[in-house]
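The numbering used here applies: residue 666 is where the sequence shown begins, and numbers increase by one.
Beta carbons: idealized from backbone N, C-alpha and C, even for Gly.
This structure is a prediction, so every number in the text was calculated from the model and none was measured.
Heads up, the thing below is written out as structure tokens.
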Amino acid sequence: MHRTTFALRLLLPTFLIGAIVAISFLEAPLKFQAPGITIPLGLGIGRLVFTALNILTGVALAVLTIASLRRPRAGRTPLVLLGALWVVYLVEVAIIRPVLNRRSDLVLAGAEAPGTDWAHYAYIAADVAVLALLVALVVVTARELLPAASAPSQAPVVAGRSAPQDARSASRSADGDPGSAV
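Dropping the structure here:
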């Protein structure tokens with residue numbers, strides 16, 4: 666059970682990083698450059714894709730929360746980062762998305778909507794914040810789950826003593842003769 670929890674806590678945020686980068690920073694701006702894509706068509710596609718991303722993010726955060734609260738070695742920092750992720754996610758879904766949806770409703774109805782508004786910039790800023798929090802969560806979780814990887818390396822032990830640290834000590838034998846190799 667612990668291995669599954671460990672895997673979820675480490676891999677789920679990494680998966681979300683990829684999904685957010687792919688959709689928010691690649692698909693969203695590129696779709697309007699495709700031949701034949703009109704503004705209303707692009708907005709319709711965008712609403713579907715971002716709704717799916719928001720659902721995916723909510724489910725992933727819920728699973729990540731459950732996995733983190735089961736607490737195989739979950740410290741305080743990952744839980745604080747997870748809480749911050751929930752706050753940003755809820756701001757995106759409850760405050761920013763409705764404003765963007767109202768604007769796209771106007772365009773889809775054939776009305777003239779004003780140029781780029783604050784909500785676009787707020788959504789981009791929120792996605793950047795989510796990415797930063799996810800990267801921090803991956804780093805902190807990796808350090809907790811893989812303590813040997815984050816610990817300073819120690820000299821290997823050879824026959825009950827530390828291995829040689831430099832070229833001079835490497836050329837000495839066990840009896841101290843500098844001419845013979847170990």
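Proximity of residue i and residue j at Cβ, strictly below 7 Å
i    : j    : result
V753 : A791 : yes
I761 : A797 : no
K696 : G683 : no
L746 : L802 : yes
L677 : L729 : yes
Whole-angstrom distance between residue j and residue i, CA atom to CA atom
i    : j    : result
V756 : W783 : 14 Å
V800 : T742 : 13 Å
L750 : A725 : 11 Å
I731 : P705 : 39 Å
E806 : P763 : Before going on, a small fix: residue 806 reads as Thr here, not Glu. T806 and P763: Cα-Cα distance of roughly 33 Å.
G711 : P700 : 16 Å
S851 : H667 : For residue 851 there is no data in the structure shown, the boundaries of the chain being 666 and 847.
A794 : E777 : 31 Å
S838 : T670 : In this prediction, S838 scores a pLDDT of 44, lower than 50, which makes its location untrustworthy; the coordinate-derived value is nonetheless stated afterwards. Roughly 48 Å between the two C-alpha positions.
R735 : V714 : 32 Å
L744 : A672 : 16 Å
G748 : A774 : 38 Å
S733 : I702 : 42 Å
A717 : I688 : 10 Å
L681 : Q698 : 25 Å
A693 : I789 : 11 Å
V686 : R674 : 19 Å
A727 : V804 : 20 Å
H785 : T679 : 25 Å
Same chain only: Cβ atoms within 7 Å of residue i, ignoring 5 sequence neighbours per side
i    : result
G740 : E809
L721 : A684
L691 : none
8 Å Cβ shell around residue i - same chain, five flanking residues per side excluded
i    : result
V758 : N719, G723
V772 : I704, P705, L708, A778
N766 : R712
S834 : Unreliable positioning characterises S834 in this predicted model, as indicated by a pLDDT of 45, which lies under 50. The coordinate reading is nonetheless provided below. Cβ within range, chain order: n/a, list empty.
Cutoff 7 Å: residue i Cβ touching any chain C Cβ
i    : result
H667 : Given the protein chain composition of this structure (a single chain), no chain C is represented.
| message | At 4 residues or longer, what runs of the alpha helix (DSSP H) sit wholly inside the segment 708–765? | response | 741–756
| message | Please give me, in chain order, every unbroken run of the alpha helix (DSSP H) with length at least 4 that falls completely inside the segment 670–702. | response | 693–696
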